[in-house]
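Under the numbering used here, the first residue of the sequence shown carries the number 198, and numbering increases by one thereafter.
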Amino acid sequence: LLAMLVSFGMHFVILYVDFLADIFNVTPLDFNEWMLVIGFSIPVIFIDEVLKYVGRNMSEKELQRRMSSGVNGEVKKIQ
Numbered sequence: 198l199l200a201m202l203v204s205f206g207m208h209f210v211i212l213y214v215d216f217l218a219d220i221f222n223v224t225p226l227d228f229n230e231w232m233l234v235i236g237f238s239i240p241v242i243f244i245d246e247v248l249k250y251v252g253r254n255m256s257e258k259e260l261q262r263r264m265s266s267g268v269n270g271e272v273k274k275i276q
């Protein structure tokens, strides 16, 4: 968490301190550019979260199936 905050801070310093922005040849994004970034990012995040949810549920069902069957496929009783 600390590393992430330091990284964000360094990015903001580079963007908003004029002489550093000139050295790195960067400019801050305006509102319309941020909306474009968000517009492309939200569907990707949503799809990723759906895939994680599906993957976790499939893994949980597979684990339950494996835990309920024995070595030769016979059903074990879980006590």
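Built from N, CA and C at the ideal position, the CB exists for glycine as well. All values derive from a computational prediction rather than experimental measurement.
Kindly list the residues whose CB is nearer than 8 Å to the CB of residue i, restricted to its own chain and excluding five residues on each side of it in sequence; keep chain order.
i	result
I211	L217, A218, F221, V223
Rounded to a whole number of angstroms, what is the C-alpha to C-alpha distance between residue i and residue j?
i	j	result
V247	H208	30 Å
M232	R262	45 Å
K249	M255	10 Å
F243	S204	25 Å
F228	I235	11 Å
L202	D245	24 Å
Excluding the five sequence neighbours on either side, which residues of its own chain have a C-beta within less than 6 Å of the C-beta of residue i, listed in chain order?
i	result
P225	L212
Compare the C-beta of residue i against all C-beta atoms of chain D and say whether one is closer than 8 Å.
i	result
L198	Given the protein chain composition of this structure (a single chain), no chain D is represented.
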